[in-house]
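Engineer:
Number of protein chains: 2
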Amino acid sequence: MKKKEHKECTSALLPVRDTLDVIGGKWKLLILISIWEGNKHFREIERSIPKLSTKVLSKELKDLEANQLITRAVLNGFPVRTEYKPTQHSKTLKKVILELHNWGINHRKQIFSDKSEKDNLSVV
Amino acid sequence: MKKKEHKECTSALLPVRDTLDVIGGKWKLLILISIWEGNKHFREIERSIPKLSTKVLSKELKDLEANQLITRAVLNGFPVRTEYKPTQHSKTLKKVILELHNWGINHRKQIFSDKSEKDNLSVV
DNA sequence: CGGTATCCATAGGGATACTG
DNA sequence: CAGTATCCCTATGGATACCG
């Protein structure tokens, strides 16, 4: 029955939700990419991403660490320095990101190709 | 240099952002799935998704329509009835969703398996 | 039925200052 | 340097009532 199907589908949706929670939001991917690129330190990452505040960066880094996409190490010395690095696990995301990328490209084509017939399409 | 690379990466991120905007959020996929399942009418969709308010559904349907994932048709008669249907374009999302699904499954394994050790983060 | 309009609560984000 | 703490503010969402 329809209801049952819907229940099945929406529970099958849970892992999808998980993934979206992990990489969704305004900053997560930007930060991850910054770290992939080799930025290691808090300020360094912060500077590499315009408009990103320390509070948000701090929170996002914790999330990324909790999801084992990055590691955090505190180095000896003064002033304190920390080092963030991507994990192997984080690299499994690249395929997903590629898929999202491809669909996004294709979606734009779709939206714009149809523009000739319908002017008033407010898009994305 | 690093800055340039980051610019390149983040601009390559735009299509990814587009995709996340299209399917992200709390309700978009639930609504799309409901429609994929054959629910066509406003109330019908609303009832199929617990906790979804009319205001939000209304907005989300507009977004989905703007992104050409669904079509909206107003049927003759009284009271008014509308009919929402999935587009062909919407079906191209299924592959993306599958990818998100698979990663989500895998991610859970990763998170739960790794309690003991910190390194060895190899996953698929 | 298929929505808008309205009011209100809340979470989250920006800016800034501050601590170890 | 690496963050917390604080204040503030707006965007979103729930609940409800109402209109064509």
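First to last, the protein sequences are chains A and B. Those letters in the first sequence? Residues 1 to 124, per full-length UniProt numbering, in order. Those letters in the second sequence? Residues 1 to 124, per full-length UniProt numbering, in order. From the three backbone atoms N, C-alpha and C, an ideal C-beta is built for every residue, glycine too.
Please state whether the Cβ-Cβ distance between Thr-71/A and Lys-59/A is less than 7 Å.
Structural biologist: Contact flag unset, no.
Engineer: DSSP has Lys-85/A in a bridge; who is on the other side?
Structural biologist: DSSP lists Thr-71/A as partners of Lys-85/A.
Engineer: Asp-63/A CB to nearest chain B CB: under 7 Å?
Structural biologist: Answer no: the Cβ-Cβ gap between Asp-63/A and chain B never drops below 7 Å.
Engineer: Taking Cβ positions, are residue 197/A and Thr-87/A nearer each other than 7 Å?
Structural biologist: Here chain A comprises residues numbered 1 to 124, so residue 197/A is not present and cannot be evaluated.
Engineer: Note down, in chain order, all residues in the segment 4-22 of chain A with a beta-carbon under 8 Å from any beta-carbon belonging to chain B.
Structural biologist: Those would be Glu-5, His-6, Cys-9, Thr-10, Ala-12, Leu-13, Leu-14, Pro-15, Val-16, Arg-17, Asp-18, Thr-19, Leu-20, Val-22, in chain order.
Engineer: Distance check for Lys-91/B and Trp-103/B, CA to CA, integer angstroms please.
Structural biologist: Approximately 20 Å, taken between the alpha carbons.
Engineer: Shorter than 7 Å from the beta carbon of Glu-60/A to some beta carbon of chain B?
Structural biologist: No, Glu-60/A lies away from the interface with chain B (no Cβ there is under 7 Å from its Cβ).
Engineer: With burial defined as no fewer than 16 other Cβ atoms inside 10 Å of the residue's Cβ, what is the status of His-6/B: buried or exposed?
Structural biologist: With 16 or more Cβ atoms within 10 Å of its Cβ, His-6/B is classed as buried.
Engineer: Would you tell me roughly how many angstroms separate the C-alpha atoms of Ser-122/B and Gly-25/A, rounded to the nearest one?
Structural biologist: Residue placement at Ser-122/B is poorly supported in this model, since its pLDDT is 35, which falls under 50; the coordinates still yield a value, given next. The straight-line gap from Cα to Cα measures roughly 26 Å.
Engineer: How many angstroms separate the CA atom of His-107/B from the CA atom of Asn-76/B?
Structural biologist: Taking the straight line joining both Cα atoms gives about 49 Å.
Engineer: Mind pulling the chain B residues with CB within less than 7 Å of Trp-27/A?
Structural biologist: None at all; the shortest Cβ gap to chain B is about 11 Å.
Engineer: My assumption, with CB atoms under 8 Å, is that Leu-29/B sits in contact with Ile-49/B. Please give the rounded CB distance.
Structural biologist: With a Cβ gap of about 11 Å, Leu-29/B and Ile-49/B do not count as contacting.
Engineer: Alpha carbons only, please: which of Leu-64/A, His-89/A, Thr-10/A is nearest the one belonging to Trp-36/B?
Structural biologist: With distances taken between Cα atoms, Trp-36/B lies closest to Thr-10/A.
Engineer: For Leu-57/B, tell me which candidate among Ile-105/B, Leu-32/B, Glu-99/B, Ala-12/B has the shortest Cα-Cα distance.
Structural biologist: Out of Ile-105/B, Leu-32/B, Glu-99/B, Ala-12/B, Leu-32/B has the C-alpha closest to the C-alpha of Leu-57/B.
Engineer: Which residues in the same chain have their Cβ closer than 7 Å to the Cβ of Asn-67/A, if we skip the five residues on either side of it in sequence?
Structural biologist: Excluding positions up to five away in sequence, the list reads Val-22.
Engineer: Verify whether the separation of the beta carbon atoms of Ile-45/A and Ser-53/A is less than 7 Å.
Structural biologist: No; because the gap between Cβ atoms is not below 7 Å, this pair is not in contact.
Engineer: By Cβ distance below 6 Å, which residues in the same chain neighbour Asn-39/B in space, the five residues on each side in sequence not counted?
Structural biologist: Same-chain partners within the cutoff: Ile-45, Ser-48.
Engineer: How would you label Glu-8/B, buried or exposed, when you count the other beta carbons within 10 angstroms and need 16 or more for buried?
Structural biologist: Exposed, because fewer than 16 other Cβ atoms sit within 10 Å of the Cβ of Glu-8/B.
Engineer: Taking Pro-15/A and Ile-105/B to be in contact with their CB atoms under 8 Å, please state how far apart those CB atoms are, rounded to whole angstroms.
Structural biologist: About 5 Å; that satisfies the 8 Å criterion.
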